[in-house]
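Worksheet for the structure shown next.
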(Lines of atoms letter the chains of each structure in order from A and count residues from 1; the text may use other names and numbers.)
(Lines give C-alpha, C1' and ligand atoms only; values in the text may rest on other atoms or scores of the structure.)
Protein backbone atom coordinates (compact mmCIF):
# COMPACT_ATOMS: atom_id res chain seq x y z
CA UNK A 1 0.00 0.00 0.00
CA UNK A 2 1.31 3.42 -0.93
CA UNK A 3 2.06 5.82 1.90
CA UNK A 4 -0.63 8.27 0.77
CA UNK A 5 -3.24 5.49 0.78
CA UNK A 6 -2.13 4.44 4.27
CA UNK A 7 -2.55 8.02 5.50
CA UNK A 8 -6.06 8.16 3.99
CA UNK A 9 -6.97 4.87 5.68
CA UNK A 10 -5.62 6.20 8.99
CA UNK A 11 -7.85 9.24 8.60
CA UNK A 12 -10.90 7.01 8.18
CA UNK A 13 -9.89 4.94 11.19
CA UNK A 14 -9.40 8.07 13.30
CA UNK A 15 -12.85 9.30 12.23
CA UNK A 16 -14.52 6.03 13.23
CA UNK A 17 -12.69 5.97 16.58
CA UNK A 18 -13.47 9.67 17.23
CA UNK A 19 -9.79 10.48 17.86
CA UNK A 20 -10.03 14.25 17.34
CA UNK A 21 -6.35 15.14 17.81
CA UNK A 22 -5.10 12.37 15.54
CA UNK A 23 -7.76 13.13 12.94
CA UNK A 24 -6.76 16.79 12.90
CA UNK A 25 -3.09 15.94 12.36
CA UNK A 26 -3.83 13.43 9.60
CA UNK A 27 -6.14 15.90 7.86
CA UNK A 28 -3.42 18.57 7.99
CA UNK A 29 -1.00 16.10 6.43
CA UNK A 30 -3.41 15.13 3.66
CA UNK A 31 -4.12 18.81 2.98
CA UNK A 32 -0.39 19.53 2.66
CA UNK A 33 0.03 16.59 0.27
CA UNK A 34 -2.97 17.68 -1.80
CA UNK A 35 -1.75 21.29 -1.87
CA UNK A 36 1.61 20.22 -3.28
CA UNK A 37 -0.07 17.97 -5.85
CA UNK A 38 -2.32 20.80 -7.01
CA UNK A 39 0.48 23.38 -7.06
CA UNK A 40 2.83 21.18 -9.08
CA UNK A 41 0.12 19.34 -11.06
CA UNK A 42 1.58 15.94 -10.20
CA UNK A 43 0.73 12.90 -8.10
CA UNK A 44 3.23 12.51 -5.28
CA UNK A 45 5.10 9.23 -4.85
CA UNK A 46 6.19 7.87 -1.47
CA UNK A 47 9.50 9.79 -1.51
CA UNK A 48 7.76 13.08 -2.14
CA UNK A 49 5.15 12.35 0.55
CA UNK A 50 8.03 11.68 2.98
CA UNK A 51 9.47 15.09 2.07
CA UNK A 52 6.11 16.71 2.92
CA UNK A 53 6.04 14.88 6.26
CA UNK A 54 9.60 15.95 7.07
CA UNK A 55 8.75 19.56 6.23
CA UNK A 56 5.75 19.45 8.56
CA UNK A 57 7.85 17.97 11.37
CA UNK A 58 10.47 20.69 10.86
CA UNK A 59 7.76 23.38 11.03
CA UNK A 60 6.48 21.96 14.29
CA UNK A 61 9.95 21.82 15.82
CA UNK A 62 10.44 25.49 14.96
CA UNK A 63 7.03 26.31 16.42
CA UNK A 64 7.91 24.45 19.62
CA UNK A 65 11.00 26.60 20.15
CA UNK A 66 8.88 29.73 19.63
CA UNK A 67 6.17 28.53 22.01
CA UNK A 68 8.73 27.58 24.65
CA UNK A 69 10.27 31.05 24.53
CA UNK A 70 6.74 32.49 24.83
CA UNK A 71 5.86 30.28 27.78
CA UNK A 72 3.02 28.47 26.02
CA UNK A 73 3.37 24.94 27.38
CA UNK A 74 -0.13 24.01 26.16
CA UNK A 75 0.86 24.68 22.54
CA UNK A 76 4.23 22.95 23.04
CA UNK A 77 2.36 19.81 24.11
CA UNK A 78 0.04 20.03 21.08
CA UNK A 79 2.91 20.43 18.61
CA UNK A 80 4.88 17.62 20.28
CA UNK A 81 1.88 15.30 19.94
CA UNK A 82 1.57 16.21 16.25
CA UNK A 83 5.25 15.42 15.71
CA UNK A 84 4.66 12.00 17.27
CA UNK A 85 1.75 11.34 14.91
CA UNK A 86 3.74 12.45 11.85
CA UNK A 87 6.83 10.43 12.79
CA UNK A 88 4.73 7.27 12.69
CA UNK A 89 4.75 7.58 8.87
CA UNK A 90 8.52 7.87 8.58
CA UNK A 91 10.64 4.75 8.01
CA UNK A 92 12.90 3.44 10.79
CA UNK A 93 15.49 6.06 11.72
CA UNK A 94 19.19 5.47 11.05
CA UNK A 95 21.42 4.83 14.04
CA UNK A 96 24.44 7.12 14.62
CA UNK A 97 26.73 4.27 13.51
CA UNK A 98 24.77 3.83 10.26
CA UNK A 99 24.91 7.57 9.63
CA UNK A 100 28.69 7.62 10.17
CA UNK A 101 29.11 4.66 7.79
CA UNK A 102 26.96 6.39 5.17
CA UNK A 103 28.97 9.60 5.47
CA UNK A 104 32.27 7.69 5.23
CA UNK A 105 30.99 5.91 2.12
CA UNK A 106 29.91 9.22 0.58
CA UNK A 107 33.26 10.89 1.30
CA UNK A 108 35.11 7.95 -0.26
CA UNK A 109 32.82 7.82 -3.30
CA UNK A 110 32.93 11.57 -4.01
CA UNK A 111 36.56 12.14 -3.07
CA UNK A 112 35.54 15.00 -0.77
CA UNK A 113 38.46 16.63 1.02
CA UNK A 114 37.10 19.81 2.57
CA UNK A 115 33.94 21.69 3.49
CA UNK A 116 33.88 23.01 -0.10
CA UNK A 117 32.85 19.50 -1.18
CA UNK A 118 29.87 19.48 1.19
CA UNK A 119 27.35 19.63 -1.68
CA UNK A 120 28.77 16.51 -3.32
CA UNK A 121 28.57 14.55 -0.08
CA UNK A 122 25.03 15.77 0.71
CA UNK A 123 23.96 14.88 -2.84
CA UNK A 124 25.22 11.34 -2.28
CA UNK A 125 23.79 10.90 1.22
CA UNK A 126 20.40 12.64 0.92
CA UNK A 127 18.60 10.04 -1.24
CA UNK A 128 19.73 7.24 1.08
CA UNK A 129 18.84 9.06 4.30
CA UNK A 130 15.62 10.79 3.16
CA UNK A 131 13.00 10.30 5.84
CA UNK A 132 15.37 8.23 7.96
CA UNK A 133 17.49 11.00 9.50
CA UNK A 134 17.21 14.68 10.40
CA UNK A 135 18.84 16.45 7.46
CA UNK A 136 19.97 19.40 9.60
CA UNK A 137 21.80 17.12 12.02
CA UNK A 138 23.16 15.08 9.12
CA UNK A 139 24.52 18.22 7.47
CA UNK A 140 26.21 19.31 10.70
CA UNK A 141 27.77 15.87 11.07
CA UNK A 142 29.12 15.95 7.49
CA UNK A 143 30.55 19.42 8.12
CA UNK A 144 32.26 18.11 11.24
CA UNK A 145 33.81 15.18 9.32
CA UNK A 146 35.02 17.39 6.46
CA UNK A 147 36.12 20.31 8.61
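Numbering (my numbering), first residue to last: 57 to 203. In this text, a Cβ means the ideal position worked out from N, Cα and C, and glycines have one as well.
Curious, which full-length alpha helix (DSSP H) runs of at least 4 residues does the segment 110-156 contain?
129-143
Do residue 113 and residue 21 come within 9 Å of each other at the CB atom, strictly closer than that value?
Limits of the chain in this structure are 57 at one end and 203 at the other, which puts residue 21 out of reach.
Taking the C-alpha atoms as reference points, what is the distance between residue 186 and residue 134?
25 Å
First and last residue of the uninterrupted alpha helix (DSSP H) at residue 90:
76-96
Can you tell me the Cα-Cα spacing of residue 184 and residue 149, whole angstroms?
12 Å
CA-CA distance, residue 158 and residue 87?
34 Å
Given a cut-off of 9 Å on the beta-carbon distance, is the pair residue 170 and residue 126 in contact?
no
Candidates 138, 96, 151 and 129: closest to residue 188 by CA position:
151
Considering only residues of the segment 165-191, which uninterrupted beta strand (DSSP E) runs meet the minimum length of 3 residues and lie entirely inside it, listed in chain order?
none
Name the two residues that bound the continuous alpha helix (DSSP H) containing residue 64.
59-73
What residue from 137, 173, 103 and 145 has the CA that sits closest to residue 65's CA?
145
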